[in-house]
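Protein chains in written order, with the numbering used here: chain A, 18 to 276; chain B, 12 to 352.
In what follows, a single structure is set out as structure tokens and then discussed.
As structure tokens, this is what we get:
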């Protein structure tokens with residue numbers, strides 16, 4: 018376990034997101050402290066991904082504010098938010114299909130943030146960035162000497178694509194890493210190899226928000242969990258408390274009257 | 012009892028020329044260096060010897076230059092369409108802006124042709140990029156339609172307000188000193204543009220540009236501004252287009268609203284399809300086929316367009332990948348028939 022402080026890194030203040038008459042998010046607040054691994058759970062359509070889209074600038078919340086390190090980032094452009102160190106994976110994986118896997122990482126490595134924070138400048142014509150990209154992929158379980166890192170991303174199986182999503186974020190040297198369902202669609206053995214990786218990244222000092230449906234694995238890594246249902250925050254707290262909360266059980270399993 | 016039916020299939024094997032380790036390309040022998048260099052040298056030599064070969068016939072010399080002009084516009088189209096994902100019908104806009112700026116530089120400010128072309132190329136590219144900024148968030152057919160509007164808009168503006176010489180345009184623009192400067196200036200310009208763009212798309216910055224075509228959301232999530240990346244790419248493409256336009260008006264010593272003609276936006280598409288999209292060299296080959304063909308067909312009068320259309324249709328139906336992709340495959344792979352067992 019890493020040292021967790023009470024220094025807030027991300028503050029979400031009563032954020033609402035309305036699409037016409039649909040309230041995808043309704044008055045949701047959440048504070049993430051440095052070193053936290055915060056889990057966000059909830060049934061399908063409860064607004065988890067919408068919340069992530071609001072944080073990362075892909076959506077502008079209808080109401081409420083979001084602050085990163087005390088600076089207001091509500092409605093900032095996605096690339097500006099990413100440049101500040103909030104990096105996300107996509108639930109539906111978005112690799113660059115026409116490029117080899119390692120070239121997928123050269124793009125974030127060419128970003129202004131990577132140059133500034135990581136000090137990764139392309140040495141010579143290609144040199145440096147390609148090597149760093151393969152280094153990061155190796156850490157994520159792409160065998161360096163195999164052909165996997167050099168294969169076209171479009172030909173890789175889901176397990177590798179999920180790692181590639183993580184890799185693209187890690188190349189940005191994130192402060193806050195937001196994982197949108199990295200465990201979904203993976204086999205049990207693939208998940209069990211990813212869990213230590215998540216723990217290791219957290220130990221390196223990366224704060225994380227994880228949206229998950231795989232509760233068992235999530236509760237191994239998360240130290241705090243927020244539950245959403247129909248865009249509303251039901252409860253927040255340590256994993257054990259959240260899972261035994263009656264409203265959470267109701268949201269997942271239906272209320273007793275339904276039976 | 013009939014004999015068992017024998018089936019054969021075509022086997023394709025890549026030639027093992029490049030050996031990659033980390034980021035080093037290792038070449039084993041002179042033969043392999045030659046193998047890699049041969050196509051490049053062939054193309055370069057063809058263009059460098061073209062003026063010499065055509066010098067006895069000034070008419071065909073001009074046709075050779077028209078090939079280069081169309082090649083430049085087609086490279087610009089191919090780069091935007093197949094590397095950045097912006098299908099641009101604004102080729103005529105780049106071309107016309109370059110032409111008019113060069114004409115003004117030459118007639119109003121008395122700059123010599125080559126200096127006027129240089130100014131027109133850079134200034135023109137800046138103007139084109141700024142003009143296209145509002146449509147950069149558009150994609151696909153929407154971008155195509157909006158960029159098609161630009162050259163049409165320029166024609167109407169010039170006609171309606173009688174600006175920039177009105178329908179007359181500018182006349183008496185300085186030409187080049189000699190046949191040879193005219194020929195080699197353009198040939199060198201084309202070769203520089205071609206090899207520079209080919210080099211650019213393989214650098215890390217070029218990779219980011221290609222990533223925008225592949226998946227712009229991921230580029231955003233990587234902290235890179237998509238609009239800025241597209242703007243850079245449009246700048247590079249309009250450099251090429253403006254150079255072509257600026258050069259052309261000095262060849263014929265006049266510029267008019269025909270510099271914004273729609274053909275200049277459409278012909279590059281045909282050249283790119285015939286030559287092979289996404290190769291940058293393909294469009295040059297396409298232009299080298301289309302322009303002489305259309306000259307040869309001049310005798311057919313109105314039937315010319317029919318033959319022209321048939322050739323184009325033939326290519327689209329039978330070689331939709333384009334000549335360059337076809338030739339590359341033939342050159343880099345060994346093909347043989349093997350029995351299926």
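Even for Gly, the Cβ is constructed at its ideal location relative to N, Cα and C.
As the structure is a computational prediction, the values presented were derived from the model and not from experiment.
| query | result |
| --- | --- |
| Using Cβ-Cβ distances below 7 Å, what residues of the region 227-243 of chain A are close to chain B? | none |
| Can you name the residues that DSSP bridges to residue 25 (chain B)? | B:344 |
| Does the region 133-140 of chain B come into contact with the region 273-284 of chain B, if we say contact requires no fewer than three beta-carbon pairs (one atom in each stretch) closer than 8 Å? | no |
| Taking the DSSP output, what are the residues bridged to residue 45 (chain A)? | A:32 |
| Have a look at B:269, B:330 and B:66 and flag the residue whose alpha-carbon is nearest the alpha-carbon of residue 105 (chain B). | B:269 |
| CB-CB under 6 Å to residue 92 (chain A), same chain, minus the five flanking residues each way: which ones, in chain order? | 77 |
| Which first and last residues belong to the beta strand (DSSP E) in which residue 110 (chain A) is found? | No beta strand (DSSP E) contains residue 110 (chain A), which DSSP labels as neither H nor E. |
| Considering only DSSP beta bridges, list what residue 253 (chain A) is partnered with. | A:243 |
| In terms of residue numbering, what span does the beta strand (DSSP E) encompassing residue 84 (chain A) cover? | 80-85 |
| Does the structure place the region 207-226 of chain B close enough to the region 107-126 of chain A that three or more beta carbon pairs sit under 8 Å? | yes |
| Using 8 Å as the cut-off, can you tell me whether the region 322-332 of chain B makes contact with the region 106-115 of chain B, which would need three or more C-beta pairs spanning the two stretches below that distance? | no |
| Judging by CA-CA distance, which residue of A:32, A:63, A:117 and A:53 is the nearest neighbour of residue 242 (chain A)? | A:53 |
| So is the beta-carbon of residue 42 (chain A) under 7 Å away from any non-hydrogen atom of the ligand ADP? | The ligand ADP is not among the ligands present in this structure, which contains no ligands whatsoever. |
| Is the beta carbon of residue 104 (chain A) closer than 8 Å to that of residue 189 (chain A)? | yes |
| Is it buried or exposed for residue 83 (chain B), if we count other Cβ within 10 angstroms and need 16 for buried? | buried |
| Less than 8 Å between the CB atoms is what I'm expecting for residue 251 (chain A) and residue 239 (chain A), so what's the real figure, rounded? | Not a contact, Cβ separation roughly 16 Å. |
| Contact criterion: CB-CB distance below 8 Å. Does residue 165 (chain A) meet it with respect to chain B? | no |
| So what's residue 56 (chain A) in DSSP terms, helix, strand or just coil? | strand |
| Provide the residue(s) that pair with residue 227 (chain A) in DSSP beta bridges, ordered along the chain. | A:56 and A:196 |
| Could you work out which residues of chain A lie near residue 225 (chain B), taking near to mean beta carbons separated by less than 8 Å? | 113, 114, 115 and 116 |
| Taking the DSSP output, what are the residues bridged to residue 103 (chain A)? | A:193 |
| What is the DSSP secondary structure of residue 169 (chain A), counted as helix, strand or coil? | strand |
| Within the 8 Å Cβ cut-off, does residue 219 (chain A) reach chain B? | no |
| For the region 40-53 of chain A, which residues have a CB atom closer than 9 Å to at least one CB atom of chain B, in sequence order? | none |
| Name, please, each residue of chain B whose Cβ falls closer than 7 Å to the Cβ of residue 65 (chain A). | Within chain B, no residue comes near residue 65 (chain A); the closest Cβ sits about 17 Å away, beyond 7 Å. |
| Kindly list the residues whose CB is nearer than 7 Å to the CB of residue 30 (chain A), restricted to its own chain and excluding five residues on each side of it in sequence; keep chain order. | 46, 81 and 82 |
| Could you list which residues in chain B have their beta carbon closer than 9 Å to that of residue 105 (chain A), in chain order? | 232 |
| Would residue 196 (chain A) be called buried (16 or more neighbouring beta carbons within 10 Å of its own) or exposed? | buried |
| If contact means a Cβ-Cβ distance below 9 Å, which residues of the region 187-204 of chain A contact chain B? | 188 and 189 |
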